[in-house]
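**Q** Provided herewith is a single structure, encoded as structure tokens, for subsequent inquiry.
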Amino acid sequence: MNTGYQPFHQQAASPVGYYDISTLPGQLMSDPMFNMARQIGGQFAEQQKEKLSKYLSAFKLKYYFAVDNAYVGKKLAILTFPFFHKQWNVMHDDGGQPVPARFDVNAPDLYIPLMAFITYVLISGFVLGVQGRFTPEQLGIITTNALVYLLFENVILFVTRYIMNISEALTVWHTLAYSSYKFVGMNISLLASFVGGKTAYYSALIYMSLAVVFFLVSFFQDGGRKRKLYLIIYISFTQPLLMWLLTRGVATVDNSSMNLAQMALSGMGLGQTGIKSGHPLLPDDEIDYEALLKKFTHLI
Numbered sequence: 001m002n003t004g005y006q007p008f009h010q011q012a013a014s015p016v017g018y019y020d021i022s023t024l025p026g027q028l029m030s031d032p033m034f035n036m037a038r039q040i041g042g043q044f045a046e047q048q049k050e051k052l053s054k055y056l057s058a059f060k061l062k063y064y065f066a067v068d069n070a071y072v073g074k075k076l077a078i079l080t081f082p083f084f085h086k087q088w089n090v091m092h093d094d095g096g097q098p099v100p101a102r103f104d105v106n107a108p109d110l111y112i113p114l115m116a117f118i119t120y121v122l123i124s125g126f127v128l129g130v131q132g133r134f135t136p137e138q139l140g141i142i143t144t145n146a147l148v149y150l151l152f153e154n155v156i157l158f159v160t161r162y163i164m165n166i167s168e169a170l171t172v173w174h175t176l177a178y179s180s181y182k183f184v185g186m187n188i189s190l191l192a193s194f195v196g197g198k199t200a201y202y203s204a205l206i207y208m209s210l211a212v213v214f215f216l217v218s219f220f221q222d223g224g225r226k227r228k229l230y231l232i233i234y235i236s237f238t239q240p241l242l243m244w245l246l247t248r249g250v251a252t253v254d255n256s257s258m259n260l261a262q263m264a265l266s267g268m269g270l271g272q273t274g275i276k277s278g279h280p281l282l283p284d285d286e287i288d289y290e291a292l293l294k295k296f297t298h299l300i
């Protein structure tokens, strides 16, 4: 019997705004804008990876300490008398990498700067002791000042290299090495002050300042880009100022009245003051040299 009733078949209606997510990857891969962005992003990442690799390779400190006695002697001679050195080019291996310092006297190193800095602290303490001004606090101030000046100088160099886009031309350790070679000249100036007073100090300081400037300018004379040349000029001509600032407080005290012989006699209690304040003296206030000789022999 036909009642006119027809069964109702419920069909699932698709919700409004429904998007089949399974088709999204394919559509993105076929989108030209997406492909272009992916290509540009990949190229940028590869470039940054290459730059980072070059930058990190500069931090292999082993290269900067690969020295031997022959290199140290020759490099100190060049730093002291750079005017007689003719060949300034750095040697490279078959792969285009600079060879270690023990194979090339022109290669930068950090061994000499480190030893020169330690020597600077020791000589400063010795000179202060001779002058009667030595205290642990004073030596600490000298050491701290040298480190702060060196750090500040290299921070300026690092920022300048970044702004001028010459970070690959001079690495961090290169600039640290070249900016620290001045400690060799500072040590020579302090020793000159100890031996000959102010005149010897300023003479040695002027000479070593000229030597450092000549060394740096000669080494970077084939620097290439003009911006790099400006940076080298800055490094070169700030060295004399820093050398003077870091040594003047130690070396500018007048030592003319304190020669080595008098220091030795004073250390044995035989200085001029010690002789005249007690004995050996003759009745006419003249020095009793026989008694003095006996006393000296007894001390030995």
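Oh and the sequence shown: position 12 is 12 in UniProt numbering, straight run, nothing missing. Glycine residues also receive a C-beta, built at the ideal position from the N, C-alpha and C atoms.
With DSSP run on the structure shown, which of helix, strand or coil describes Thr85?
**A** Inspection of the sequence shows that residue 85 is occupied by His rather than by Thr. Three-state DSSP puts His85 in coil, outside helix and strand.
**Q** For residue 302, which of Ile206, Trp173 and Ile141 has the nearest alpha-carbon?
**A** Not covered by the structure: residue 302. The range shown for the chain is 1 to 300.
**Q** On the three-pair Cβ rule with 8 angstroms, is the segment 93-109 touching the segment 123-136?
**A** Judged by Cβ distances under 8 angstroms, the segment 93-109 makes no contact with the segment 123-136, as fewer than three pairs qualify.
**Q** May I ask you to report which of helix, strand or coil DSSP gives Gly271?
**A** Reliability fails at Gly271, whose pLDDT of 49 lies under 50, so the model's placement of it is uncertain and the value that follows must be treated cautiously. If DSSP states are grouped into helix, strand and coil, Gly271 belongs with coil.
**Q** Kindly list the residues whose CB is nearer than 8 angstroms to the CB of Arg102, restricted to its own chain and excluding five residues on each side of it in sequence; keep chain order.
**A** Counting only Cβ-Cβ distances below 8 angstroms, and skipping sequence neighbours, we find Ala66, Val67, Asp68, Ala70 and Tyr71.
**Q** Nearest to Val211 by alpha carbon, out of Val155, Tyr181, Gly140 and Gln138?
**A** Per the sequence presented here, residue 211 reads as Ala, with Val not at that position. With distances taken between Cα atoms, Ala211 lies closest to Tyr181.
**Q** Return the Cβ separation of Phe117 and Ala146 in integer angstroms, given the expectation that the two are a contact with Cβ distance under 8 angstroms.
**A** So it is a contact: roughly 7 angstroms between Cβ atoms.
**Q** Can you say whether Asn187 is buried or exposed, counting buried as having 16 or more other CB atoms within 10 angstroms of its CB?
**A** Buried, by the Cβ-count rule.
**Q** Give the list of continuous alpha helix (DSSP H) stretches no shorter than 4 residues that lie fully inside the segment 167-232.
**A** Taking only runs of at least 4 residues, the alpha helix (DSSP H) segments lying wholly in the segment 167-232 are 172-180 and 182-219.
**Q** Based on DSSP bridge pairs, tell me the residues matched to Pro98.
**A** According to DSSP, Pro98 bridges with His92.
**Q** Is the segment 153-160 in contact with the segment 87-95, if contact means three or more CB pairs nearer than 8 angstroms?
**A** Touching, no.
**Q** Does the beta-carbon of Lys75 have 16 or more other beta-carbons within 10 angstroms, so that it is buried, or is it exposed?
**A** Result: buried.
**Q** Roughly how many angstroms separate the alpha carbons of Thr119 and Ser193, rounded to a whole number?
**A** Roughly 15 angstroms separates the two Cα atoms.
**Q** In terms of alpha-carbon separation, which member of Asn154, Met208 and Ile232 lies closest to Leu216?
**A** The shortest C-alpha separation from Leu216 is found at Ile232.
**Q** Can you tell me which of the three DSSP states Gln138 falls into?
**A** Residue state, collapsed to three classes: helix.
**Q** What are the start and end residues of the alpha helix (DSSP H) that includes Asn69?
**A** Its alpha helix (DSSP H) spans residues Asn69 to Thr80.
**Q** Can you give me the C-alpha to C-alpha distance between Phe183 and Leu242, rounded to a whole angstrom?
**A** Cα-Cα distance, rounded: 10 angstroms.
**Q** Which residue wins for smallest C-alpha separation from residue 306, given the options Val155, Glu153, Gly125 and Gln221?
**A** Not covered by the structure: residue 306. The range shown for the chain is 1 to 300.
**Q** With DSSP as the reference, label Pro108 as helix, strand or coil.
**A** Residue state, collapsed to three classes: coil.
**Q** Closest to Met208 by CA distance: which of Thr199, Gln239, Phe220 and Arg248 is it?
**A** Answer by Cα proximity: Gln239.
**Q** To the nearest angstrom, report how far apart Ser179 and Ile112 are at their CA atoms.
**A** C-alpha separation (whole angstroms): 12 angstroms.
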